[in-house]
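Step one of this worksheet: look at the structure below.
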Ligand SMILES: [Zn+2]
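Numbering (the working numbering), first residue to last: 12 to 111.
In structure tokens form, the structure reads like this:
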């Protein structure tokens, strides 16, 4: 539910005209933009994990959702780094065992 921008009465989210006072309601189409931005934040945090940590602490109070996106980008970067690290370690072990 949202509130009429004119009379302040509770109205349906998709209401174009307020049933109480008949005033036109502004379309709230901010969600797709927000989602797109979240992807950008995720990619930034993924590419520069330290930026993700800084952004996490910067947005933690003002925008917890964005903070979560940033820190998940950082965590994903660490996860990928860990997988690559384990893979490299595995290659090294195989090399050590079979490459004598
Ligand atoms: Zn109204």
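All C-beta atoms in this analysis are idealised placements derived from N, C-alpha and C, irrespective of residue type, glycine included.
Handout entry: Chain-ordered list of residues that sit, by beta carbon, closer than 6 Å to a heavy atom of ligand 1
Key = Checking every Cβ against the heavy atoms of ligand 1 under 6 Å gives 15, 17, 18, 20, 29, 31, 32, 34.
Practice task
Can you grab the Cα-Cα spacing for the pair residue 34 / residue 13, in whole Å?
Solution key: Sequence index remark: in the chain shown, residue 34 carries index 23 (1-based). Sequence index remark: in the chain shown, residue 13 carries index 2 (1-based). The C-alpha of residue 34 lies about 14 Å from the C-alpha of residue 13.
Problem - As assigned by DSSP and simplified to three states, the class of residue 13 - result: For the purposes of this step, residue 13 is taken as the residue at position 2 of the chain shown. Three-state result, residue 13: strand.
Exercise for the section: Could you tell me if residue 92 is buried or exposed, where buried requires 16 or more neighbouring beta carbons within 10 angstroms of its beta carbon? Expected result: As a working note, residue 92 is residue 81 in the chain shown. With fewer than 16 other Cβ atoms within 10 Å, it is exposed.
Exercise for the section: Ignore the nearest five residues each way along the sequence and tell me which others in residue 28's own chain have a CB closer than 8 Å to its CB. Expected result: In the chain shown, residue 28 corresponds to position 17, counting from 1. Correct list, in chain order: 34, 35, 36.
Practice task
Using only alpha-carbon positions, find the residue among 24, 31, 102, 25 that is nearest to residue 18.
Solution key: Position 7 of the chain shown, counted from the first residue, corresponds to residue 18. Distances from the alpha-carbon of residue 18 to those of 24, 31, 102, 25 put 31 closest.
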